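S.K.: Taken in order, these protein sequences are the chains called Z, D, H and B.
Using numbering that gives the first Met the number 0, read the first sequence as starting at 0 and increasing by one per residue.
Using numbering that gives the first Met the number 0, read the second sequence as starting at 0 and increasing by one per residue.
Using numbering that gives the first Met the number 0, read the third sequence as starting at 0 and increasing by one per residue.
Using numbering that gives the first Met the number 0, read the fourth sequence as starting at 0 and increasing by one per residue.
Beta carbons: idealized from backbone N, C-alpha and C, even for Gly.
None of the values given here were measured: they were computed from a predicted structure.
Number of protein chains: 4
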Amino acid sequence: MSLAIICSGGDAPGMNPAIKKFVDYVYKCNKTPYFIYDGLDGLIDAKIKKAYHSDVAGILHNGGAIIGSSRSERFYEKRYRKKAFENLQKHNIDKVVILGGDGSYRAFEILSKEFCISFIGIPSTIDNDIYATEYCLGVDTALNVIRHAVDNIRDTASTFKRAFVVETMGRECGYLAAVTALSSGAEICVINEMNFNKNKAAKHLKKELKEGRRYILAIVSEGTKATQDIKNWLEDEIGMQTRITILGHIQRGGNPTVRDRIMAFEFIIKAVDLLINNTQIQKAVGYEKGRFIDRDISEINSKKYTIPSNILRDLRFLD
Amino acid sequence: MSLAIICSGGDAPGMNPAIKKFVDYVYKCNKTPYFIYDGLDGLIDAKIKKAYHSDVAGILHNGGAIIGSSRSERFYEKRYRKKAFENLQKHNIDKVVILGGDGSYRAFEILSKEFCISFIGIPSTIDNDIYATEYCLGVDTALNVIRHAVDNIRDTASTFKRAFVVETMGRECGYLAAVTALSSGAEICVINEMNFNKNKAAKHLKKELKEGRRYILAIVSEGTKATQDIKNWLEDEIGMQTRITILGHIQRGGNPTVRDRIMAFEFIIKAVDLLINNTQIQKAVGYEKGRFIDRDISEINSKKYTIPSNILRDLRFLD
Amino acid sequence: MSLAIICSGGDAPGMNPAIKKFVDYVYKCNKTPYFIYDGLDGLIDAKIKKAYHSDVAGILHNGGAIIGSSRSERFYEKRYRKKAFENLQKHNIDKVVILGGDGSYRAFEILSKEFCISFIGIPSTIDNDIYATEYCLGVDTALNVIRHAVDNIRDTASTFKRAFVVETMGRECGYLAAVTALSSGAEICVINEMNFNKNKAAKHLKKELKEGRRYILAIVSEGTKATQDIKNWLEDEIGMQTRITILGHIQRGGNPTVRDRIMAFEFIIKAVDLLINNTQIQKAVGYEKGRFIDRDISEINSKKYTIPSNILRDLRFLD
Amino acid sequence: MSLAIICSGGDAPGMNPAIKKFVDYVYKCNKTPYFIYDGLDGLIDAKIKKAYHSDVAGILHNGGAIIGSSRSERFYEKRYRKKAFENLQKHNIDKVVILGGDGSYRAFEILSKEFCISFIGIPSTIDNDIYATEYCLGVDTALNVIRHAVDNIRDTASTFKRAFVVETMGRECGYLAAVTALSSGAEICVINEMNFNKNKAAKHLKKELKEGRRYILAIVSEGTKATQDIKNWLEDEIGMQTRITILGHIQRGGNPTVRDRIMAFEFIIKAVDLLINNTQIQKAVGYEKGRFIDRDISEINSKKYTIPSNILRDLRFLD
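1. Run through chain H and tell me which residues come within less than 7 angstroms of Ile129 of chain Z, C-beta to C-beta.
2. Tell me which residues share the same chain as Thr244 of chain H and place their Cβ nearer than 6 angstroms to its Cβ, disregarding the 5 neighbours each side in the sequence.
3. Taking contact to mean at least 3 C-beta pairs separated by less than 8 angstroms, is the segment 71-84 of chain D in contact with the segment 17-26 of chain D?
4. Considering only the beta carbon of each residue, do Leu175 of chain B and Asn127 of chain B sit closer than 8 angstroms?
5. With Ala64 of chain H and Asp10 of chain H assumed to form a contact (beta carbons below 8 angstroms), what rounded beta-carbon distance in angstroms separates them?
6. Who are the neighbours of Glu265 of chain D on chain Z, taking C-beta pairs under 7 angstroms?
7. Please list the partners that Leu87 of chain H has in chain Z, where partner means a Cβ-to-Cβ separation under 8 angstroms.
8. Given that Asp150 of chain B touches chain H, what residues does it touch there, using C-beta distances under 7 angstroms?
9. Return the residue from the list D:Met0, D:Lys199, D:Arg105, D:Cys28 that minimises the CA-CA distance to Gly8 of chain D.
10. When you compare the CB positions of Glu236 of chain Z and Ala263 of chain Z, do they come within less than 8 angstroms of one another, or not?
11. How should Gly238 of chain Z be labelled, buried or exposed, when 16 other C-beta atoms within 10 angstroms of its C-beta is the threshold for buried?
12. Quick test of the definition: if touching needs 3 or more C-beta pairs under 8 angstroms, does the segment 298-317 of chain B touch the segment 176-184 of chain B?
13. Quick check on DSSP: helix, strand or coil for Asp37 of chain H?
14. Applying a beta-carbon distance threshold of less than 8 angstroms, which residues of chain D neighbour Val144 of chain B?
15. Buried or exposed: Gln227 of chain Z, going by 16 or more other Cβ atoms within 10 Å of its Cβ?
16. According to DSSP, simplified to helix, strand and coil, what is Ile18 of chain B?
17. For the segment 266-278 of chain B and the segment 185-205 of chain B, state whether three or more C-beta atom pairs, one from each stretch, are separated by less than 8 angstroms.
18. Output the boundary residues of the beta strand (DSSP E) element that contains Glu287 of chain Z.
19. Rounding to the nearest angstrom, what Cα-Cα distance links Ile152 of chain D and Ser297 of chain B in this structure?
20. Please state whether DSSP places Gly62 of chain B in a helix, a strand or coil.
21. Just to confirm my understanding: we take Asn196 of chain D, look at its own chain, exclude 5 residues before and 5 after, and list those with CB closer than 6 angstroms. What are they?
22. List the residues of chain D whose Cβ lies closer than 8 angstroms to the Cβ of Gly57 of chain Z, in chain order.
23. For the segment 169-225 of chain Z, which segments carrying the alpha helix (DSSP H) assignment without a break, of at least 4 residues, lie completely within its bounds, in sequence order?
24. Return yes when the Cβ of Arg242 of chain D is within less than 8 angstroms of the Cβ of His248 of chain B, no when it is not.
25. What does a CB cutoff of less than 7 angstroms around Ile125 of chain D pick up in its chain, not counting 5 residues either side in sequence?
26. Is Ile249 of chain Z close to chain H? Criterion is C-beta to C-beta, closer than 8 angstroms.
27. With 8 angstroms set as the bound, which would you pick, yes or no: does the beta-carbon of Asn74 of chain D sit closer than that to a beta-carbon of chain B?
28. Among residues of its own chain, excluding the 5 on either side of Glu234 of chain Z, which ones have a beta-carbon nearer than 6 angstroms to its beta-carbon?
29. Comparing the C-beta of Ile261 of chain B with each C-beta of chain H, is any distance below 8 angstroms?
30. Classify Ala3 of chain H as helix, strand or coil using the three-state DSSP reduction.
31. Within the 8 angstroms Cβ cut-off, does Arg242 of chain D reach chain B?
32. Alpha carbon to alpha carbon, how far is Lys160 of chain B from Lys209 of chain B? Give it in angstroms, no decimals.
33. Report the option in H:Gly173, H:Gly41, H:Lys303 whose CA atom is closest to the CA atom of Cys6 of chain H.
34. Can you list, in chain order, the residues of its chain with a C-beta nearer than 6 angstroms to that of Thr31 of chain B? Leave out the 5 residues immediately preceding and following it.
35. Which same chain residues, not among the five before or five after Glu287 of chain D, have their C-beta less than 8 angstroms away from its C-beta?
36. Among residues of its own chain, excluding the 5 on either side of Pro122 of chain H, which ones have a beta-carbon nearer than 6 angstroms to its beta-carbon?
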């Protein structure tokens, strides 16, 4: 029996520890591990190779993914999916582990309806926006990269009377922004999930500035497209010089944290076990209430993740 | 109603976020927060002070604990405990949040049997050795500090043919060593919980060295007192020059990770809610299966923590 | 004799070590140290206070400046400068150490022409754009903060076929961008000091992409205002999806590096010695060819810094 | 013309940037670069390979040295040196760049007296103990790794009343310990170059502890073998519980700082230029008063490095 692993969509820290565990664990189970390079595009182009222990030596602490990733437009044409399936058949691979987000899950759901292919998705995206899991691979590393950046800004913020806007990733989901605002004690958090009450904020912040507040820190989720608007509001309405930081792909890089490494290992073990012990399976694994679970891919792809209430509860000026 | 917070025993990263949340949340509940400085010794010496928001501004990213901590011998004499209780009475404090380990829990258990005092313990120790909680405050930061150190050693290890022994903290419990060995892919892990099989290890490692292995990394838990012994064994039996790193209190310091900040907030909210909603209570909070729980202090103090099997499962040469 | 220290303009890592050394060294010389808080605005508003050892305990590793800073418009009106001088007189301060850039030097040059005041400027700006010094306080820390960010981006860059634009600070001077491009091996560097040859770059990069290059990294100095333009060019002309990171004030924060701490100490000793040993002096210190030197403020303020040729020599596509 | 590069002795951060620049610059000069793997042992065993640009892609941010290093006993026997020379001849290599310390310089000095071989040493050791250079490759990274560790310890130190002993590397030279003590404001520094006056220290520290000092930080250089002794003295004489940290090889690892990368580039350019423009040359390069210089190997190997007085001047209790 041969199993392959593929990264699809944006990369996430923790993918390399997952890839290493995949190779080690598949061999331990007496099966043969394969790499699919460069995501769905690579699958179409037959970039498939047997994996060895030596391929994954010394990669635990590297960000990114040694097998590459991609977003593929071609995969949404049937003739390319046929090619993808044939490439898998050539290596007798009928079971695939996917490191990616729900876009990648959907791609494989389509493939599996047309061809006989089993797969398990492992939620891997720093956006943390996938249904049926409290945790996506890469989130802990991303949050700590952002933390370092925000702590640096606080250093300089307390020297000056100034406002700072930090834009975090998160196209569909404000999770990174919300957790950052909570854990760094930011005054302002702007996410799509809730309404930022400008009037209330203006009233309170002006009062606090009079009483001695030296600076204001605003965390804005990329998906709101509100970064420039909040800067203007801080300058015009609150009356503070304001500087913007756009973290961008810094957030996707970096040495995976211990949590992301351990989660990677557990996700892989769960996924490989499911693939080996089932003949036809299309699922994704997840982490809920301290346990590793699995759900049908159709359920995950039809529902939406919501940020836990304890994260949103203590953020200011949201209603 | 007045509530106090105290740090007791070894400090842990995350104590400052907990202290900040304590002050903010107690005020939010319309109660009065107090600091007890310098642990049980400070309590005996009446180092108690009303806390203000301004005391806790800008401390989220600082390691250590702004209110100090201590280990107290005097507390085990009744006359000093009486003094401690009287000091609390002077400020009308009959409810205390304890940031500490099981030693601190035991001290307050004794106090509460003699005097009318409610308390909630919050498990705070990088050793992660407290019953009825999967997580103790500070562990995530400590693990990531160790990770940085071990990643640095790997850089130099792969240049030379050498062995490295890294001693981690953990007097009673091998958790830090075990998670470090797992997440860094160390070849050797020595903890009190399991037997390190030297014969098996020698046989396999010698074979691997012949096949091209360049270095060996051993993680040794402080509590085993085996650091020097493992170095000697690596030099005499395996035949490799070996270097020792003793991390010591580096592991206790450092900017708290996002996880330690969020856990600190949740532990505090749970603890303060319990104190406010109960008249007589002697408990500790914990984190189990993704939920925040509480248990009677007598139960916690009579039982022992065990490392989860998924951490130990994949470590080599242990039986 | 009383000496004061002031921070003026943008803050820089290393200011706190300088402030600490100022207090310790002035006392060692049997003089009295004073703090001027919140820059030139604070000087006008009489925010002056005697400094003590206890004020500067434990600040060596903090970014920012504990005495605050500001940019002052009022200082350019004579009546406010008169007030500033009178405030100094009240404390018998006629000697001042300035941590700032050439804007701050100019402000004090004006003041010293009107009133009897000695001062020494210490070049403190991450922009590294001051004449007669190879090194400005804060530069080493800023460069290493940028390095961490760029190393993170490389992780994710090598996973995808993508281009990344990183905007560094530097309004007048491309030093940060140039050193970053050199030390991180970036393909593209855009600074005001030289012309970025788009045609040449396009020709070479397209060839390299055909031969297997996976990503392109461009470092753009803020002062060029070319960040968006380079992104568009990379997408339209080179044909690669491109992501922007704007580091902003992350670069000003952070724990000062060892080099910035040691430089801070040396600059302060040189500056205080000059003030104590001269009755009328208006100078700035600098670092040239491995030695600490001083120059008349009029000379520094009339000339312009140029980036050393060895930094620019090996950057690609510049002419 | 063919030039080779070799690492010899202990590794140092900055070796990889040097190796990358060597390959790029030698090709730019239209010569052929070679790698000698695994130090002098590898040279004896004919581990020599032509180097390509692709060998050095993406290594700027890695600690260690991709070509390995070693300490060789065999090299001190003439028959092995003959073998080493013959291996070089096979590839027409008569010019070598050495990344190493003075031990490595001496080895090549012997070789060059017996056989016709030119070489340039680049001082590469975190010990910073080589004559005729103020800077050795790797020192800046090592100092900043130590800084992080010491800053972490301060966090926890200020929580407790405790003393901490940190042992830094430096077998022959106390440079790392001295700069660390200075830049971290440690109370105690123990190095071979000066006498630590215990009586004076005890008198002052006891007084300060009475006045409120909470902790003592001692930096001890490995070469003094005094770590345990200072711990005992702090416990017995000063009366404080004391904890030891032995940093070990953490100090040799880590992502090279910007300074180490830039120094690596400059050292390599200087060394390669010298080798190309001279027919018979046995020298080492160095950094003095802001300039890159070169000296005859015989001079360097016969003299001793001394720590600059400005580093030692402000350390306490040394005489």
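M.R.: Let me lay it out:
1. Those within 7 angstroms of Ile129 of chain Z in chain H number zero; the least Cβ separation is about 19 angstroms.
2. Cβ-Cβ distances below 6 angstroms link Thr244 of chain H to Val165 in the same chain, with the five nearest sequence neighbours on each side left out; the list follows chain order.
3. no
4. Less than 8 angstroms divides the Cβ of Leu175 of chain B from the Cβ of Asn127 of chain B.
5. Right, their Cβ atoms sit about 5 angstroms apart.
6. Asn309
7. The premise fails here: Leu87 of chain H is roughly 22 angstroms from chain Z at the closest Cβ pair, so nothing lies under 8 angstroms.
8. Residues of chain H with a Cβ closer than 7 angstroms to the Cβ of Asp150 of chain B are, in chain order, His60, Asn254.
9. With distances taken between Cα atoms, Gly8 of chain D lies closest to D:Arg105.
10. No, these two residues do not count as a Cβ contact at 8 angstroms.
11. exposed
12. yes
13. It is coil, neither helix nor strand.
14. Asn151
15. exposed
16. The three-state secondary structure of Ile18 of chain B, taken from DSSP, is helix.
17. no
18. 281-287
19. 34 angstroms
20. Reduced to three states, the DSSP call for Gly62 of chain B is coil.
21. Taken in chain order, the residues that qualify are Phe316, Asp318.
22. Near Gly57 of chain Z (Cβ distances below 8 angstroms), the residues of chain D are Arg153, Ser157.
23. 174-183, 197-209
24. yes
25. Counting only Cβ-Cβ distances below 7 angstroms, and skipping sequence neighbours, we find Ala11, Gly137, Val138, Ala141, Met168, Leu175, Gln250, Arg251.
26. yes
27. Reading off the sequence shown, one finds Phe at residue 74 of chain D, where the question assumed Asn. No, no contact with chain B.
28. Thr241
29. yes
30. Here Ala3 of chain H sits in strand by DSSP.
31. yes
32. 12 angstroms
33. H:Gly41
34. Excluding residues within five positions, the ones whose Cβ falls inside 6 angstroms are Ser1.
35. Ala131, Thr132, Glu133
36. Ile129, Thr132, Cys135
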